[in-house]
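Protein chains: 2
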Amino acid sequence: MEQIYEMADKLKLLSDGTRLTILSLLRDREFCVCELVDILEISQPGVSQHLRKLKSQGLVKEDKRGQWVYYSLSVDVPPYIRSVLEYTPNSKTILTALNKKEITSVCE
Amino acid sequence: MEQIYEMADKLKLLSDGTRLTILSLLRDREFCVCELVDILEISQPGVSQHLRKLKSQGLVKEDKRGQWVYYSLSVDVPPYIRSVLEYTPNSKTILTALNKKEITSVCE
DNA sequence: TTCTCACATAAGTAAACGGTTATATAATAT
DNA sequence: ATATTATATAACCGTTTACTTATGTGAGAA
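Chains A and B are the protein sequences, given in the same order. Position one of the first sequence corresponds to residue 1 (the UniProt record's numbering), numbered consecutively onward. Position one of the second sequence corresponds to residue 1 (the UniProt record's numbering), numbered consecutively onward.
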């Protein structure tokens, strides 16, 4: 019972389009915040706050390198979350849908 | 992109503990509203409203039989929702966790 | 008919949510 | 040292959420 409410809490992270997009992108590779700001159409603080929620529940981890902070999927993403992410479009699809050219890495 | 926001909208239905419990119960058999009211610990209108949301998004269907309305999982539950429900506790586990004796059917 | 039971709908409310702008911090570049 | 860039945090705000109580509706029982 506890368990089912915990699951609901984590699933809440997937219940917002912006966050589900972020997770789908991260499924393929790491992204730094400025890339996500460029891709998603909300403000930088908006992106930061979504990332904070995702991190606080252990779905993503951050890696600070110089000026940038790179986010990637945590290895601890529970199976019921992973199973959903298998059904979301991949980053290539998302990026072309948004008319963003597919960058390979780094903001520089 | 459209697609990802649609998925997020349906996942929102799983992001509440009460609704996730309802769906997990329905995975095993149909339940009438009064059974759900007895099991879950919220008011009857509260249960009705959750069921309305679940129905409006096509996750459950209703079957009126006499005085009662029986709800069951829709056959149209999309795969990414089904895959989550494979990880939730079954109705037996939920009922014993809540100290409700396992009824086999009907309110009568 | 009248009462009761099962359910739905309406209206109200406190809290959470998802965004914004403004500001702080920390690293790099000049 | 100063400016610029990347990110985080704070404060605010309108909307949505998940409940509640009160009331409506429709079926079966008396």
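Glycine residues also receive a C-beta, built at the ideal position from the N, C-alpha and C atoms.
By alpha-carbon distance to aspartate 63 of chain B, the top candidate from B:Phe31, B:Gly17, B:Ile81, B:Lys101 is B:Phe31. The beta carbon of threonine 88 of chain A sits closer than 6 angstroms to those of Ser24, all from its chain and outside the five residues before and after it, given in chain order. Nearest Cα to glutamate 41 of chain B within the set B:Arg19, B:Lys53, B:Thr93: B:Arg19. According to the DSSP secondary-structure assignment, serine 72 of chain A is paired through a beta bridge with A:Lys61.
Bounds of the alpha helix (DSSP H) holding threonine 93 of chain A are 91 to 97. Burial of serine 15 of chain A is indicated by the presence of at least 16 other C-beta atoms within 10 angstroms of its C-beta.
Beta-carbon to beta-carbon, serine 74 of chain A and valine 60 of chain A are separated by about 6 angstroms, close enough to satisfy the 8 angstroms threshold.
Among the residues of the UniProt domain "HTH arsR-type" (1 to 92) of chain B, those with a Cβ less than 7 angstroms away from any Cβ of chain A are Met1, Gln3, Ile4, Tyr5, Met7, Ala8, Leu11, Lys12, Leu14, Ser15, Asp16, Gly17, Leu20, Thr21, Ser24, Pro79, Tyr80, Ser83, Val84, Tyr87, Thr88, Pro89, in the order of the chain.
Exposure of threonine 96 of chain B is indicated by the presence of fewer than 16 other C-beta atoms within 10 angstroms of its C-beta.
Between isoleucine 94 of chain B and threonine 21 of chain B the beta-carbon gap is near 6 angstroms, inside 8 angstroms, which marks them as a contact. Taking the Cβ atoms as the reference, leucine 98 of chain A lies roughly 16 angstroms from methionine 7 of chain B, outside the contact range of under 8 angstroms. When only Cα atoms are considered, cysteine 34 of chain A and tyrosine 71 of chain A end up about 11 angstroms apart.
Looking from the CA of aspartate 28 of chain A, the closest CA among A:Lys100, A:Lys101, A:Glu86 belongs to A:Glu86. Ranked by how close their Cα comes to the Cα of tyrosine 5 of chain A, the residues B:Leu13, B:Asp9, B:Leu51 have B:Leu13 in first place. Here glutamine 57 of chain A is near lysine 10 of chain A, since their CB atoms are less than 8 angstroms apart.
At a cut-off of 8 angstroms between beta carbons, leucine 95 of chain B makes no contact with chain A. Pairing serine 83 of chain A with serine 48 of chain B gives a Cβ-Cβ distance that is not under 8 angstroms. The closest CA to that of lysine 101 of chain B, considering only B:Gln3, B:Ile39, B:Leu26, B:Val77, is found on B:Ile39. Check the Cα spacing between proline 78 of chain A and each of A:Gln67, A:Gly66, A:Leu54: the tightest is with A:Leu54. Glycine 17 of chain B and histidine 50 of chain B have their C-alpha atoms spaced approximately 11 angstroms apart.
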